[in-house]
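With the working numbering applied, the sequence shown corresponds to residues 21 to 230, in that order.
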Amino acid sequence: MNKHTKKKLTRLIALMLLIFSGCDSNDSVDTTNHVTITENPLYWEIHIDYSYGDRYWIGHEYGTKVLSTIPDYEVGGDAYLQASVTGLQGAVTYEVLIERALEISKNIQDRYMDEMEGFASVLSGGLNNTLGDGKLSRDEYLMLNLIPDIFNTTACSATTGPVLWNGWSHRNHRGYQQRRRLRGRASQPDRFPLLGCREKGRYAGHSKCP
21 MNKHTKKKLT RLIALMLLIF SGCDSNDSVD TTNHVTITEN PLYWEIHIDY
71 SYGDRYWIGH EYGTKVLSTI PDYEVGGDAY LQASVTGLQG AVTYEVLIER
121 ALEISKNIQD RYMDEMEGFA SVLSGGLNNT LGDGKLSRDE YLMLNLIPDI
171 FNTTACSATT GPVLWNGWSH RNHRGYQQRR RLRGRASQPD RFPLLGCREK
221 GRYAGHSKCP
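Rendered as C-alpha coordinates:
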(Lines of atoms letter the chains of each structure in order from A and count residues from 1; the text may use other names and numbers.)
(Lines give C-alpha, C1' and ligand atoms only; values in the text may rest on other atoms or scores of the structure.)
Protein backbone atom coordinates (compact mmCIF):
# COMPACT_ATOMS: atom_id res chain seq x y z
CA MET A 1 0.00 0.00 0.00
CA ASN A 2 1.56 3.31 -1.08
CA LYS A 3 1.63 6.44 1.06
CA HIS A 4 -1.10 8.22 -0.94
CA THR A 5 -3.53 5.31 -0.66
CA LYS A 6 -2.81 4.92 3.05
CA LYS A 7 -3.55 8.62 3.66
CA LYS A 8 -6.88 8.40 1.78
CA LEU A 9 -7.87 5.28 3.76
CA THR A 10 -7.05 7.00 7.05
CA ARG A 11 -9.25 9.98 6.12
CA LEU A 12 -12.10 7.67 5.06
CA ILE A 13 -12.01 5.79 8.37
CA ALA A 14 -11.97 9.06 10.30
CA LEU A 15 -14.98 10.32 8.32
CA MET A 16 -16.91 7.09 8.96
CA LEU A 17 -16.26 7.38 12.69
CA LEU A 18 -17.62 10.94 12.68
CA ILE A 19 -20.78 9.82 10.86
CA PHE A 20 -21.40 6.91 13.22
CA SER A 21 -20.82 9.01 16.33
CA GLY A 22 -23.20 11.65 14.98
CA CYS A 23 -25.95 9.08 14.42
CA ASP A 24 -25.54 7.66 17.92
CA SER A 25 -25.74 11.12 19.43
CA ASN A 26 -28.96 12.03 17.61
CA ASP A 27 -30.64 8.76 18.54
CA SER A 28 -29.85 9.16 22.23
CA VAL A 29 -31.13 12.73 22.36
CA ASP A 30 -34.53 11.77 20.96
CA THR A 31 -35.27 8.86 23.28
CA THR A 32 -34.37 10.10 26.77
CA ASN A 33 -34.44 13.09 29.07
CA HIS A 34 -37.92 14.33 28.18
CA VAL A 35 -39.27 13.38 31.62
CA THR A 36 -37.97 13.96 35.13
CA ILE A 37 -39.83 12.86 38.27
CA THR A 38 -39.16 14.28 41.73
CA GLU A 39 -40.86 12.79 44.78
CA ASN A 40 -42.08 15.24 47.42
CA PRO A 41 -43.78 14.44 50.76
CA LEU A 42 -47.33 14.74 49.36
CA TYR A 43 -46.92 14.42 45.60
CA TRP A 44 -44.63 13.58 42.71
CA GLU A 45 -43.57 16.56 40.62
CA ILE A 46 -43.09 15.76 36.95
CA HIS A 47 -41.44 17.92 34.32
CA ILE A 48 -42.00 17.03 30.66
CA ASP A 49 -40.16 18.71 27.80
CA TYR A 50 -42.15 18.73 24.55
CA SER A 51 -39.78 21.02 22.65
CA TYR A 52 -38.48 18.08 20.60
CA GLY A 53 -39.14 14.40 20.03
CA ASP A 54 -42.10 12.22 19.14
CA ARG A 55 -45.16 12.28 21.42
CA TYR A 56 -45.49 8.49 21.42
CA TRP A 57 -41.93 8.02 22.67
CA ILE A 58 -42.32 10.82 25.19
CA GLY A 59 -45.32 8.91 26.54
CA HIS A 60 -43.30 5.69 26.48
CA GLU A 61 -40.54 7.32 28.53
CA TYR A 62 -43.13 8.86 30.85
CA GLY A 63 -44.77 5.49 31.52
CA THR A 64 -41.44 3.74 32.01
CA LYS A 65 -40.29 6.27 34.59
CA VAL A 66 -43.64 6.28 36.41
CA LEU A 67 -43.54 2.49 36.78
CA SER A 68 -39.95 2.70 37.98
CA THR A 69 -40.79 5.40 40.53
CA ILE A 70 -44.17 3.94 41.60
CA PRO A 71 -43.90 0.13 41.25
CA ASP A 72 -47.50 -0.48 42.39
CA TYR A 73 -48.93 2.14 40.03
CA GLU A 74 -50.95 -0.43 38.08
CA VAL A 75 -52.30 -2.09 41.23
CA GLY A 76 -53.45 1.29 42.54
CA GLY A 77 -54.96 2.32 39.22
CA ASP A 78 -56.86 -0.94 38.90
CA ALA A 79 -58.13 -0.60 42.49
CA TYR A 80 -59.22 2.98 41.76
CA LEU A 81 -61.26 1.85 38.76
CA GLN A 82 -62.76 -1.05 40.68
CA ALA A 83 -63.81 1.23 43.54
CA SER A 84 -65.29 3.70 41.05
CA VAL A 85 -67.29 1.03 39.22
CA THR A 86 -68.59 -0.59 42.41
CA GLY A 87 -72.03 0.73 43.24
CA LEU A 88 -72.93 1.83 39.72
CA GLN A 89 -76.59 1.21 39.03
CA GLY A 90 -78.70 0.61 35.99
CA ALA A 91 -77.22 -0.16 32.60
CA VAL A 92 -73.89 1.54 33.29
CA THR A 93 -71.35 -1.25 33.57
CA TYR A 94 -67.58 -1.58 33.31
CA GLU A 95 -67.96 -2.51 29.64
CA VAL A 96 -70.19 0.51 29.00
CA LEU A 97 -67.58 2.81 30.55
CA ILE A 98 -64.93 1.38 28.23
CA GLU A 99 -67.18 2.04 25.24
CA ARG A 100 -67.68 5.63 26.40
CA ALA A 101 -63.94 6.16 26.77
CA LEU A 102 -63.28 4.75 23.30
CA GLU A 103 -65.98 6.94 21.77
CA ILE A 104 -64.61 10.10 23.40
CA SER A 105 -61.05 9.21 22.38
CA LYS A 106 -62.02 9.46 18.70
CA ASN A 107 -62.19 13.23 19.11
CA ILE A 108 -59.03 13.76 21.16
CA GLN A 109 -56.21 15.38 19.21
CA ASP A 110 -53.61 12.97 17.84
CA ARG A 111 -50.71 14.39 19.85
CA TYR A 112 -52.52 13.67 23.12
CA MET A 113 -53.55 10.19 22.04
CA ASP A 114 -50.01 9.45 20.85
CA GLU A 115 -48.66 10.26 24.30
CA MET A 116 -51.28 8.11 26.00
CA GLU A 117 -50.63 5.24 23.60
CA GLY A 118 -46.92 5.47 24.35
CA PHE A 119 -47.58 5.41 28.09
CA ALA A 120 -50.02 2.50 27.75
CA SER A 121 -47.47 0.49 25.74
CA VAL A 122 -45.41 -0.16 28.89
CA LEU A 123 -48.36 -1.28 31.04
CA SER A 124 -48.69 -5.01 31.73
CA GLY A 125 -52.40 -5.35 30.95
CA GLY A 126 -51.98 -4.98 27.20
CA LEU A 127 -55.33 -5.34 25.44
CA ASN A 128 -56.84 -7.58 28.14
CA ASN A 129 -59.61 -5.68 29.93
CA THR A 130 -60.03 -7.48 33.26
CA LEU A 131 -61.11 -5.36 36.21
CA GLY A 132 -59.52 -6.40 39.51
CA ASP A 133 -56.49 -8.21 38.08
CA GLY A 134 -54.00 -5.70 39.47
CA LYS A 135 -52.99 -4.63 35.97
CA LEU A 136 -53.89 -1.76 33.67
CA SER A 137 -54.83 -2.39 30.07
CA ARG A 138 -54.66 0.16 27.29
CA ASP A 139 -58.42 0.84 27.58
CA GLU A 140 -58.32 1.04 31.38
CA TYR A 141 -55.53 3.60 31.21
CA LEU A 142 -57.67 5.58 28.78
CA MET A 143 -60.56 5.36 31.26
CA LEU A 144 -58.37 6.77 34.02
CA ASN A 145 -57.58 9.77 31.85
CA LEU A 146 -61.24 10.44 31.09
CA ILE A 147 -62.65 10.33 34.61
CA PRO A 148 -65.09 11.91 35.47
CA ASP A 149 -66.32 12.30 31.88
CA ILE A 150 -67.18 8.63 31.42
CA PHE A 151 -69.06 8.53 34.76
CA ASN A 152 -71.06 11.65 33.95
CA THR A 153 -74.71 11.07 33.05
CA THR A 154 -74.23 13.37 30.05
CA ALA A 155 -71.10 11.57 28.83
CA CYS A 156 -70.91 11.44 25.03
CA SER A 157 -73.85 13.79 24.64
CA ALA A 158 -73.83 17.18 22.97
CA THR A 159 -74.10 18.83 26.39
CA THR A 160 -70.76 17.50 27.56
CA GLY A 161 -68.21 20.23 28.23
CA PRO A 162 -64.45 20.38 27.73
CA VAL A 163 -62.29 17.40 28.51
CA LEU A 164 -59.77 18.34 31.18
CA TRP A 165 -56.87 16.02 31.92
CA ASN A 166 -56.05 16.75 35.56
CA GLY A 167 -57.05 20.35 35.99
CA TRP A 168 -54.41 20.93 38.66
CA SER A 169 -51.64 20.43 36.11
CA HIS A 170 -49.82 23.34 34.54
CA ARG A 171 -48.38 24.04 31.13
CA ASN A 172 -46.85 27.19 29.74
CA HIS A 173 -48.47 29.09 26.89
CA ARG A 174 -46.25 27.49 24.26
CA GLY A 175 -46.95 23.99 25.49
CA TYR A 176 -43.30 23.00 25.19
CA GLN A 177 -42.78 22.12 28.81
CA GLN A 178 -45.16 20.99 31.48
CA ARG A 179 -44.93 20.73 35.23
CA ARG A 180 -47.33 18.26 36.79
CA ARG A 181 -48.11 17.44 40.37
CA LEU A 182 -49.31 13.92 40.95
CA ARG A 183 -51.07 13.72 44.26
CA GLY A 184 -51.53 10.79 46.57
CA ARG A 185 -49.97 7.36 46.79
CA ALA A 186 -50.79 4.16 44.95
CA SER A 187 -51.68 2.57 48.30
CA GLN A 188 -54.54 5.08 48.62
CA PRO A 189 -56.84 4.42 45.64
CA ASP A 190 -59.18 7.27 46.54
CA ARG A 191 -56.30 9.70 46.01
CA PHE A 192 -54.69 7.88 43.12
CA PRO A 193 -53.07 10.23 40.59
CA LEU A 194 -54.49 10.07 37.10
CA LEU A 195 -51.65 10.20 34.65
CA GLY A 196 -51.65 11.07 30.99
CA CYS A 197 -52.08 14.11 28.79
CA ARG A 198 -52.76 17.16 30.92
CA GLU A 199 -53.77 19.85 28.48
CA LYS A 200 -57.23 21.24 27.96
CA GLY A 201 -59.08 20.09 24.89
CA ARG A 202 -62.59 19.89 23.53
CA TYR A 203 -64.37 17.13 21.72
CA ALA A 204 -67.51 17.20 19.64
CA GLY A 205 -70.69 15.97 21.27
CA HIS A 206 -71.88 12.46 20.49
CA SER A 207 -75.08 10.65 21.23
CA LYS A 208 -73.92 7.15 20.28
CA CYS A 209 -72.40 6.19 23.63
CA PRO A 210 -74.34 3.70 25.77
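Note that beta-carbon positions come from the ideal geometry of N, C-alpha and C, so glycine has one too.
These numbers were taken from a predicted model, which means no experiment stands behind them.
Shown here for threonine 56: same chain residues with a beta carbon closer than 6 Å to its own, the five before and five after excluded, namely His67 in chain order.
If you compare the alpha carbons of Leu164, Asn53, Leu122 and Gly83 with that of serine 71, the shortest gap goes to Asn53.
Look at aspartate 130 here: in three-state DSSP terms it is helix. Buried is the label assigned to aspartate 169, since at least 16 other Cβ atoms lie within 10 Å of its Cβ.
Cβ neighbours of histidine 80 within its own chain (closer than 8 Å, five residues either side excluded): Gly138, Phe139, Ser141 and Val142. Shown here for valine 105: same chain residues with a beta carbon closer than 6 Å to its own, the five before and five after excluded, namely Tyr114 in chain order. With a threshold of 16 other beta carbon atoms within 10 Å, glycine 152 falls short and is exposed. Judged by DSSP secondary structure, threonine 84 falls within the alpha helix (DSSP H) whose first and last residues are 75-89. In the assembly as shown, aspartate 159 is a buried residue. Its beta-carbon has 16 or more other beta-carbons within 10 Å. Closest in C-alpha terms to leucine 162, from the list Leu101, Gly73, Trp64 and Thr89, comes Leu101. The beta carbon of aspartate 134 sits closer than 7 Å to the beta carbons of Arg75, Tyr76 and Gly79 from its chain, once the five residues preceding and following it are set aside; these are given in chain order. Apart from the 5 residues on each side of it in sequence, tyrosine 82 sits with its Cβ closer than 6 Å to the Cβ of Val55 and Phe139 in its chain, given in chain order. Here glycine 154 is not near glutamate 65, since their CB atoms are 8 Å or more apart.
The closest CA to that of glycine 145, considering only Val86, Ile118, Tyr63 and Asp98, is found on Asp98. In this chain, the alpha helix (DSSP H) harbouring tyrosine 100 covers 93-105. For isoleucine 57, the enclosing beta strand (DSSP E) has its first and last residue at 55-59. Going by beta carbons, threonine 84 and glutamate 59 fall outside the 8 Å limit.
Our two residues, tyrosine 132 and glycine 73, have alpha carbons roughly 14 Å apart in a direct line. Around the beta-carbon of glycine 110, fewer than 16 other beta-carbon atoms lie within 10 Å, marking it exposed.
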